[in-house]
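Please read the structure below before turning to the comments.
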Amino acid sequence: MSSLEKFKNNDEGVSRRLPDKEARELINQKIDVKKLEENLENRAPFSGTVETLARLVLELGVRLPKYDTIISDDASARLVSLLMRKIINFKKEEAGEKPVETYFVAGGHHDNSMVYNSIDEFISSKKDDLGNTLLVTEYIFSGNSILALIRILEKNKIKFDLAAVSVASKPSLYDNRITKRLYYGEGSKGLNFYDKESVSGVKKVNAYPDSVHPVKYLDADREKMKEAREDIDLIAGELVKLV
């Protein structure tokens, strides 16, 4: 059995995170990182993110196809969530299973209790159908914003894991409710996806109750949006080899 197969068969969560050197070796066995990066050169926001995204997918491994639902911490995590959805659905299609459900909620409002109350109401209305859920965010700094969403999912007794492209600190420095569910990439490339409304096509709003979901960004760059979706297809087609 190869090192990758041994890793994929282990289901112990974040405590089983591979050493960086071994992870890079496993990634390079499966995908040509340099070639993929060349194809993405100067195409924001995915340019320069392949290794980080590959590490995230590697850490999630065989868990990915087991998720029934993605909850995206929008608006900045939308493109990452779409990438995760594409990879999951590749594997679900192979297995003859129905596609993963995806919901976009406008987290990151910090102390806006009205927004989080609305998100809570939304999750409560869906909780019987969510199943095994993956909460996706692009970058964890203090952890306060994502912790607010975690509390809501815990309150509604949702079974879930947390996927982040990047984290600012060692996982052990975050609240245990984050750490025990966390799968993450490396470096700080998650910031590439922050504040990219013109590419993602959506933005947060501050008015209650509309802030439960992001809204369409009217000044979006249609060409950049098209490129980003093409990049998602390209990256997913390669990173699925790590699942």
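Going by this note's numbering, the sequence shown opens with residue 24, and the numbers climb by one from there. Ideal Cβ placement from N, Cα and C applies to all residues, glycine included.
Residue of 99, 98, 128, 89 minimising C-alpha distance to residue 110:
Of 99, 98, 128, 89, the residue nearest in Cα terms is 89.
Cα-Cα separation between residue 249 and residue 258, rounded to whole angstroms
If you draw a straight line from the Cα of residue 249 to the Cα of residue 258, it comes to about 14 Å.
If contacts are defined as beta-carbon pairs under 8 Å, then residue 115 and residue 123 qualify, I think. What distance do you get, rounded to the angstrom?
Residue 115 to residue 123, Cβ: 7 Å. Contact.
Rounded separation between residue 50 and residue 137 - CA only
Going from the Cα of residue 50 to the Cα of residue 137 covers about 43 Å.
Cα-Cα separation between residue 81 and residue 188, rounded to whole angstroms:
Cα-Cα distance, rounded: 12 Å.
Roughly how many whole angstroms lie between the Cα atoms of residue 139 and residue 172?
Straight through space, the alpha carbons of residue 172 and residue 139 are spaced by roughly 8 Å.
The region 176-194 / the region 154-168 touching (three or more Cβ pairs under 8 Å)
Taking 8 Å as the limit for Cβ pairs, the verdict is that the region 154-168 does touch the region 176-194.
Would you verify that the beta carbon of residue 129 is, or is not, closer than 8 Å to some beta carbon of chain C?
Absent from the structure is chain C; it holds one protein chain and no more.
Could you check which residue in 194, 130, 64, 60 has the C-alpha nearest to that of residue 39?
It is 194 whose Cα lies nearest to the Cα of residue 39.
Alpha carbon to alpha carbon, how far is residue 61 from residue 207?
Separation of residue 61 and residue 207 (C-alpha to C-alpha, rounded to the nearest whole angstrom) is 24 Å.
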